[in-house]
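A quick write-up on the structure given underneath.
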């Protein structure tokens, strides 16, 4: 008879039970072990140099692949990795030289990010991922040099356009998650006002809600010719849509770009020309502040309670997404202005910014385009010309095509411009 152990179990039964239990525990731990095996660890970081030249060294326990981009307002260097772990405390890193601070975190989608904030504009002299000859570790080494504002802007444009890959990395979207190559590039066109809210009224009686809807349809039809793109409108008839619903609509459709279309009116009837606005809590100038104040009254005009979905959101990743998204919004604004030049009259300093509520989605690059000012008779006349609308739609479509390429999303028109 087999010897009894403990609570009446035979030794053979106990061994089988223990083996089964061990196998079960190993089964549960297998994913964790695999995860630990697959994810490199950032063991340490050093920052050294002065405000002319600064070197950043990040030590890993195994080789990594990294891509980088530059962002402004404030000046930042963003490093994107496949999932990594962190073996150091960001607050313990002795920042010096150009680097004034850093943060890191997981972005979801098996993706991690490191962000360095700098004291001044900069450019990257070199960045490489290489083994450490004296240890078994692997280093990512970045050399930064001070630069002028124009040099930084050029470097930022190049980094956003090329993806700036060191080794090879998967294509990522603006928030760092891995993109599905077959996902259409999604554009939301937002014709301002509507329904009970007429918006501005022109000197000849043109209503803003009507002329922006007509142009939005023209732009939609132009973009519908693009392979790899899909377009939605927040309204396609004379109906009121609250500012918050417009923003929610863009997020629900996982928009890659949100374009709000307006044609405001100012007391200064001599002001004319198109303007592209991006979000900012502080307005760039008095005209921008006045335009934002007018547009933000849309819900009040319709008797809708003012709700701020994103006010007070303190989650660090939401805040990070908001800052990252702003960089892409600014990038599209520059592209739009560049393509509009030579066709549309532009206001002096055509890229402006203010606290537009409709642009506050934290994860959707967003711009508000004033096609012109209905308070100016010449602008009002142009805005009502179908030929002018077609021409401007062509140029904005070109800018959108370039912007899509920044995220490695190729869209291509199957019809020549103007047809």
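In this note's numbering, the protein residues as written are 692 to 1110. Glycine is no exception: its CB is placed at the ideal position from the N, C-alpha and C atoms.
Hey, quick one: how far does the beta strand (DSSP E) through residue i stretch, first residue to last?
i: residue 1042; result: 1037-1045
i: residue 1101; result: Segment: none, residue 1101 is in no beta strand (DSSP E) and carries neither H nor E.
i: residue 1061; result: 1057-1061
i: residue 764; result: That residue, residue 764, is in no beta strand (DSSP E); it is neither H nor E in DSSP.
Where does the unbroken alpha helix (DSSP H) through residue i begin, and where does it stop?
i: residue 1077; result: 1077-1097
i: residue 900; result: 899-914
i: residue 1070; result: 1068-1074
i: residue 1111; result: Nothing about residue 1111 can be reported from this structure: the residues present for the chain run from 692 to 1110 only.
Do you know how far the Cα of residue j is from the Cα of residue i?
i: residue 1091; j: residue 1058; result: 12 Å
i: residue 1040; j: residue 1063; result: 14 Å
i: residue 783; j: residue 753; result: 22 Å
i: residue 839; j: residue 845; result: 10 Å
i: residue 928; j: residue 1078; result: 22 Å
i: residue 794; j: residue 767; result: 11 Å
i: residue 765; j: residue 745; result: 18 Å
i: residue 773; j: residue 881; result: 35 Å
i: residue 850; j: residue 810; result: 19 Å
i: residue 1094; j: residue 814; result: 22 Å
i: residue 1017; j: residue 969; result: 8 Å
i: residue 886; j: residue 931; result: 4 Å
i: residue 893; j: residue 1067; result: 8 Å
i: residue 920; j: residue 947; result: 10 Å
i: residue 1060; j: residue 769; result: 28 Å
i: residue 817; j: residue 888; result: 54 Å
i: residue 1104; j: residue 734; result: 47 Å
i: residue 899; j: residue 922; result: 22 Å
i: residue 954; j: residue 1073; result: 11 Å
i: residue 804; j: residue 956; result: 43 Å
i: residue 797; j: residue 771; result: 10 Å
i: residue 1038; j: residue 760; result: 30 Å
i: residue 1069; j: residue 1034; result: 15 Å
i: residue 1020; j: residue 1056; result: 5 Å
In terms of alpha-carbon separation, which member of the options lies closest to residue i?
i: residue 824; options: 920, 750 and 1068; result: 750
i: residue 781; options: 907, 807, 815 and 924; result: 807
i: residue 974; options: 1043, 818 and 874; result: 1043
i: residue 907; options: 1100, 1080 and 1076; result: 1080
i: residue 742; options: 837, 770, 833 and 817; result: 837
i: residue 891; options: 1033, 755, 874 and 958; result: 958
i: residue 777; options: 849, 1034 and 730; result: 730
i: residue 790; options: 736, 950 and 1033; result: 736
i: residue 952; options: 905, 877, 1031 and 1022; result: 905
i: residue 936; options: 955, 981 and 1051; result: 1051
i: residue 1028; options: 916, 812 and 1085; result: 1085
i: residue 757; options: 734, 1093, 832 and 921; result: 832
i: residue 819; options: 924, 747, 938 and 779; result: 747
i: residue 879; options: 924, 1022, 803 and 841; result: 924
i: residue 732; options: 775, 738, 740 and 760; result: 775
i: residue 944; options: 913, 988, 898 and 875; result: 875
i: residue 786; options: 760, 960, 830 and 739; result: 739
i: residue 978; options: 950, 939, 1046 and 1033; result: 1046
i: residue 788; options: 779, 826, 1072 and 834; result: 834
i: residue 901; options: 827, 1030 and 883; result: 883
i: residue 933; options: 1030, 812 and 1048; result: 1048
i: residue 965; options: 938, 779, 913 and 1071; result: 1071
Sorry if obvious, but does the Cβ on residue i come closer than 7 Å to a heavy atom of the ligand NAP?
i: residue 1056; result: This structure lacks the ligand NAP; in fact it carries no ligand of any kind.
Counting only C-beta atoms, is residue i closer than 8 Å to chain B at any point?
i: residue 912; result: This model lacks chain B altogether; it includes just one protein chain.
According to DSSP, is residue i helix, strand or coil?
i: residue 729; result: helix
i: residue 950; result: strand
i: residue 887; result: coil
i: residue 819; result: strand
i: residue 846; result: helix
i: residue 978; result: helix
i: residue 942; result: helix
i: residue 786; result: coil
i: residue 1018; result: helix
i: residue 1049; result: helix
i: residue 1029; result: helix
i: residue 758; result: strand
Who pairs with residue i in a beta bridge, going by DSSP?
i: residue 751; result: 733 and 829
i: residue 921; result: 877
i: residue 806; result: 769 and 794
i: residue 813; result: 837
i: residue 656; result: Any question about residue 656 goes unanswered here, given that the chain covers just 692 to 1110.
i: residue 892; result: 898
i: residue 740; result: 745
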